[in-house]
Amino acid sequence: DIERHRNSEMEQQMVLLLVTVLLVLLGHVVTVTTATSGSSNTGNRIPLDPQNTRVWGPGVEIPDRATLPARYFFIEPRDADNLKINESQKYDVHIIGQSRFGSCRYRLNQIDRHDGSSILRYRLAESCTDVTIHVRHNGVHLNGSPFAIAGPLYTEQCYCPQGSADEWLESVGCPPGDPQIDMDLIPFRAINFSSLRTRMIQQYDKPGSISYCNYVILRNDVHRRCYGQHTGFSKFMDTILLSLARKFSLPDMELFVNLGDWPLVKKGGPSRTTGPYPIFSWCGSDDTFDIVMPTYDITESTLENMGRVMLDMLSIQKRGVPWADKHRKAFWRGRDARRERLELVRLARRHPELLNASLTNFFFFRDEESEFGPRVAHISMHDFFDYRYQVNVDGTVAAYRLPYLLAGSSVVMKQDSFYYEHFYRKLVPMRHYIPFEADLSNLLEQVEWARENDEKAQEIRDNANAFVNANLLPLDIYCYHALLFKEYAKYIVSPIQVQPGMEKIEQPEEAYHCPCERTTLPRDEL
Numbered sequence: 002d003i004e005r006h007r008n009s010e011m012e013q014q015m016v017l018l019l020v021t022v023l024l025v026l027l028g029h030v031v032t033v034t035t036a037t038s039g040s041s042n043t044g045n046r047i048p049l050d051p052q053n054t055r056v057w058g059p060g061v062e063i064p065d066r067a068t069l070p071a072r073y074f075f076i077e078p079r080d081a082d083n084l085k086i087n088e089s090q091k092y093d094v095h096i097i098g099q100s101r102f103g104s105c106r107y108r109l110n111q112i113d114r115h116d117g118s119s120i121l122r123y124r125l126a127e128s129c130t131d132v133t134i135h136v137r138h139n140g141v142h143l144n145g146s147p148f149a150i151a152g153p154l155y156t157e158q159c160y161c162p163q164g165s166a167d168e169w170l171e172s173v174g175c176p177p178g179d180p181q182i183d184m185d186l187i188p189f190r191a192i193n194f195s196s197l198r199t200r201m202i203q204q205y206d207k208p209g210s211i212s213y214c215n216y217v218i219l220r221n222d223v224h225r226r227c228y229g230q231h232t233g234f235s236k237f238m239d240t241i242l243l244s245l246a247r248k249f250s251l252p253d254m255e256l257f258v259n260l261g262d263w264p265l266v267k268k269g270g271p272s273r274t275t276g277p278y279p280i281f282s283w284c285g286s287d288d289t290f291d292i293v294m295p296t297y298d299i300t301e302s303t304l305e306n307m308g309r310v311m312l313d314m315l316s317i318q319k320r321g322v323p324w325a326d327k328h329r330k331a332f333w334r335g336r337d338a339r340r341e342r343l344e345l346v347r348l349a350r351r352h353p354e355l356l357n358a359s360l361t362n363f364f365f366f367r368d369e370e371s372e373f374g375p376r377v378a379h380i381s382m383h384d385f386f387d388y389r390y391q392v393n394v395d396g397t398v399a400a401y402r403l404p405y406l407l408a409g410s411s412v413v414m415k416q417d418s419f420y421y422e423h424f425y426r427k428l429v430p431m432r433h434y435i436p437f438e439a440d441l442s443n444l445l446e447q448v449e450w451a452r453e454n455d456e457k458a459q460e461i462r463d464n465a466n467a468f469v470n471a472n473l474l475p476l477d478i479y480c481y482h483a484l485l486f487k488e489y490a491k492y493i494v495s496p497i498q499v500q501p502g503m504e505k506i507e508q509p510e511e512a513y514h515c516p517c518e519r520t521t522l523p524r525d526e527l
């Protein structure tokens, strides 16, 4: 579903993107604004105080250490009394530096959020040195500007690993641990692939229904062999491993990665006698032992930020319809991946004053299209937020749209589920979302509660937004992968060797054209 929303937006913006790329190649600085800059109310604007206004984030604080596809930072406007201003502002941002082509070339994008604050992000055309970042409002530098960057700014494609995973995690300020990682790794304290590997390959030798890859990371090179009929999703795992390897030296390790939707390692059964197998998946469940990674969807949106995807954890936060003007209904769109989604449509037809729900495609229940159709056209996820309440219902597994819904300007209503993504353990019902029963039995009741408790609903929305910005932004996704692999590698007791039949996954050719100025992080930066 997420991919379809992206495709619909991509067609509308492709011409703009191509023109932007052309201008960058010609050496121009390009500013691309995907949200309305400035407030429509220009009559009684509150004056912004440059010194009280906050400017923070990895894109201005540690851009030389946090090499991201698109670096980003935040601006929160404040007045002379140090009170937050809720009106959007226009900012003038310039990145001054040197590259092998002369001046530093980049694309810049301002995203105005619904609360008056803004996200600024930029993507470099090539590596730059002697960089200063100038952030002004009405010609005046904001607090901290200009930001002088000590080290070189590498592009995402540069192969310039700097130190170990431990050093990188500390240098960019990643958290020291995560409760989901701790929980996932409890069963795996001595992993011996010399005895496990053959048994695992035999156990999951079901090429029509199960596809997976066996990876070996050795001396920061990525090798793999895939099994099954549908192995195309290996590209997502390849890409994040190669990206991490360009930033720091990955630990030597071996891992098995499930390429399907459903987690594989069931509790009970063979796991009681053989012990659970260490398999990485993008989704977990209460009845499986799979080690959970960030989904391929949020990982791709991280890697392609300001690239070929148009929906990501930053762009989804752009300002849309104000809360007061949103429809006072719950909203849902998606395909027929679960029976409860059909029941959601039935509820909407019975109570159209509370719920707007329709199916965009039929695959699993085609014989019921006459009852639950007709299918409706896909719409941009940004248009979802014309409604105050966003319904999140499982698909084949957890609905991978949840991070985007939590980041938006509506409040999320989430179905109780035994499926989970890597961050669910940190979510709190009625703090970050409004829960409802798995069978939808109290969904309408929860919609009515939200309508009657408007301030509380907005507070839950604001808490969800804060959760996203603390846990699900691009640097957070890198942090989670790095921390997970670092901790996991500690428990492998078998020798790490490239296995017969494995192929080496090469870094992109341009990765080695970068003038890397250091291979370790200075100790005073750690």
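Heads up, the sequence shown is in this note's numbering, so the first residue is 2 and it goes up one at a time.
Ideal placement from N, C-alpha and C gives every residue a C-beta, glycine not left out.
As the structure is a prediction and not an experimental result, all values here were calculated from the model.
Item, Value
"Determine the direct distance from the alpha carbon of Ala512 to that of Cys227, and round the result to whole angstroms.", "25 Å"
"Report the rounded CA-to-CA distance for Arg106 versus Glu518, giving the unit in angstroms.", "19 Å"
"Whole angstroms is fine: what's the gap from Leu441's alpha carbon to Arg198's?", "42 Å"
"Tell me the DSSP secondary structure of Asp463 in three-state form.", "helix"
"Does DSSP put Lys267 in a helix, in a strand, or in coil?", "strand"
"Taking just the CA atoms, how far does Leu355 sit from Val56?", "40 Å"
"How long is the line joining the alpha carbons of Val412 and Arg66, rounded to whole angstroms?", "35 Å"
"First and last residue of the alpha helix (DSSP H) that includes Asp477?", "475-490"
"In chain order, what residues of the same chain lie with their CB nearer than 6 Å to the CB of His224, ignoring the 5 residues before and after it?", "Val217, Val499, Met503, Lys505"
"So Gln203 is in the alpha helix (DSSP H); what residue range does that whole segment cover?", "194-204"
"Is Cys105 near the ligand ZN, with its Cβ less than 7 Å from a heavy atom?", "By its list of ligands, the structure shown contains no ligand whatsoever, and the ligand ZN lies outside what it can speak to."
"Spatial neighbours of Phe257 within its chain, please: CB distance less than 8 Å, with the 5 preceding and 5 following residues excluded, ordered by chain position.", "Met201, Tyr213, Cys214, Asn215, Tyr216, Tyr278, Pro279, Ile280, Phe281"
"Measure how close the beta-carbons of Asn464 and Lys427 come, nearest whole angstrom, since I'm counting them as under 8 Å.", "Not quite, the Cβ-Cβ distance comes to about 12 Å (not below 8 Å), so this is no contact."
"Less than 7 Å between C-beta atoms, sequence neighbours within five positions excluded: which residues of the same chain meet that for Ile497?", "Val217, Leu219, Asp253, Met254, Glu255"
"Using beta-carbon positions only, say whether Thr130 and Ala149 come within less than 8 Å of one another.", "no"
"Where does Pro501 sit, in a helix, a strand or coil, going by DSSP?", "coil"
"Give a yes or no on contact between the segment 172-190 and the segment 481-492, applying the rule of three or more CB pairs nearer than 8 Å.", "yes"
"Let me know if His423 comes out buried or exposed under the rule of 16 or more other beta-carbons within 10 Å of its beta-carbon.", "buried"
"Would you call the CB atoms of Asp291 and Pro264 closer than 8 Å?", "yes"
"Please go through the same chain and pick out, in chain order, the residues whose beta-carbon is closer than 8 Å to the beta-carbon of Cys515, but skip the five residues on each side of it.", "Ser128, Tyr155, Thr156, Gln158, Cys159, Tyr160, Cys161"
"Buried or exposed: which applies to His328, given that a residue is buried once 16 or more other Cβ atoms fall within 10 Å of its Cβ?", "exposed"
"Find the nearest neighbour of Pro208 within the set Ala191, Ser195, Leu348, His231, judged by alpha-carbon distance.", "His231"
"Could you tell me which of Leu69, Thr289, Ala358, Ser146 sits nearest to Phe419, measuring between CA atoms?", "Thr289"
"DSSP three-state call for Asp113: helix, strand or coil?", "strand"
"Going by other Cβ atoms of all chains shown within 10 Å of its Cβ, with 16 needed for buried, is Leu245 buried or exposed?", "buried"
"What is the DSSP secondary structure of Val469, reduced to helix, strand or coil?", "helix"
"Report the rounded CA-to-CA distance for Ile47 versus Asp80, giving the unit in angstroms.", "7 Å"
"What are the complete beta strand (DSSP E) segments, minimum 3 residues, inside the segment 273-350?", "280-282, 328-336"
"Going by DSSP, what residues sit across from Phe148 in a beta bridge?", "Ile134"
"According to DSSP, is Glu518 part of a helix, a strand, or is it coil?", "coil"
"Under a Cβ-count criterion, where at least 16 other Cβ atoms within 10 Å of its own Cβ denotes burial, should Gly321 be classed as buried or exposed?", "buried"
"Can you tell me the Cβ-Cβ gap for Asp534 and Glu438, rounded? I've got them flagged as a contact below 8 Å.", "In the structure as shown, the chain starts at 2 and stops at 527, and residue 534 therefore has no counterpart that could be examined."
"For Leu356, which three-state DSSP category applies?", "strand"
"Under 8 Å, do Ala408 and Met294 count as touching if we go by C-beta distance?", "no"
"Reducing DSSP to helix, strand and coil, say where Met382 ends up.", "helix"
"Since Met382 and Leu312 are thought to touch, with beta carbons under 8 Å apart, how far apart are those beta carbons, to the nearest angstrom?", "6 Å"
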